[in-house]
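Note that numbering that gives the first Met the number 0 numbers the sequence shown so that position 118 is 117, with each residue one more than the last. Down below is the structure, laid out as structure tokens.
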Amino acid sequence: MQIECHHPSATNYFCTVPLPPHRKMIATTYPIQRAADTTDLKTSLIIDFGNGDVKALVREPGQDSWEAIKFPSLVAKLTEPQPGCFQVNNQLYLVGEDARLATCIRTGASDRGKIDNALPLLIHALRTLTGSATSLAVDVVFTSPSVKQYGAAITAAISGHHEVITPADELALIGQQQQLLTVGKVVPQLEGHRAIELVKADIQTRAMLVDVGNRTIITTFIEKSGRILSRKAFDSCGVRGIASRVVTAESLAGMDGLKLTPSEEDVIGFLLSKKGRKAKDSIEPQVMACV
């Protein structure tokens, strides 16, 4: 069996597994931009709270076009102001690439990660694309791997009024700024729910959607109409789960181009490199254990 995996930090990602002759596989990718094209809501923000990366589309009032952003799903809580940070609910945060330099929390590191990180991730997306000088009122569509499990909690965390403070810089050349963010309508959306629209014509009666994420593999059985028959999440077996197994099993020990004691990030980066493509046979047991 051969498996081709595309890294989840890319805009599109999927895995393909050759099936027996009597089985048919439909391969598709679903970029977040499709959500903007297919949604019937006049939303101001569409955001995917990914375990590895956050992808968002923002449309400012009066505009027809969407601005896109993607950044690592990392959040650091600070005790003292640092360049690039902001404060909300009396807590200082660094988000995205800047958070790598501090003690940060990856959204997918725990079950509560999506809930605890939702508001700072949303604020960072808005501030990056629209600035921090003016107040904003937005409607939000967000995706979550399980609306039943996370939807209500994330909605509660991001809804309402939030005072966002940008601390003064160290030299006080720029004073403290205050911004009022008002999140109005919030719509939780099941991950991959709209993807069925892309493959309806190829489905005879029902199909199985497989979403290989950073932390979780989610399988969904659906009818041609789009009705969900069953859905199950398998934790610790996504891309990072595979990388963790590879590290533990030392499957790539001694490989040219890889550190002697690699991290999960090192393994993922190596496997995506030209040298890493030759190592597929070495990691097959770990991949098969996950999928």
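The C-beta atom is built at its ideal place from N, Cα and C for all residues, glycine as well.
Comparing alpha-carbon positions, the option among L135, A151 and Y92 lying closest to K76 turns out to be Y92.
In this structure G95 is buried. Its beta-carbon is surrounded by 16 or more other beta-carbon atoms within 10 angstroms. For R230, the pairing in a beta bridge is given by DSSP as T219. In this structure, V53 is the residue among V74, V53, I227 and L73 with its C-alpha nearest to the C-alpha of A67. For D63, the number of other beta carbons within 10 angstroms of its own is below 16, and it is reported as exposed.
One Cα belongs to C103, the other to D201, and the distance between them is close to 43 angstroms. H123 sits buried, since 16 or more C-beta atoms from the chains shown fall within 10 Å of its C-beta.
For D110, the number of other beta carbons within 10 angstroms of its own is below 16, and it is reported as exposed. In the pairwise beta carbon analysis, the segment 127 to 145 is classified as not touching the segment 237 to 253: fewer than three pairs are separated by under 8 angstroms. DSSP lists no bridge partner for P119. By the Cβ neighbour-count rule, P71 is buried, with 16 or more other Cβ atoms within 10 Å of its own.
In this structure S43 is buried. Its beta-carbon is surrounded by 16 or more other beta-carbon atoms within 10 angstroms.
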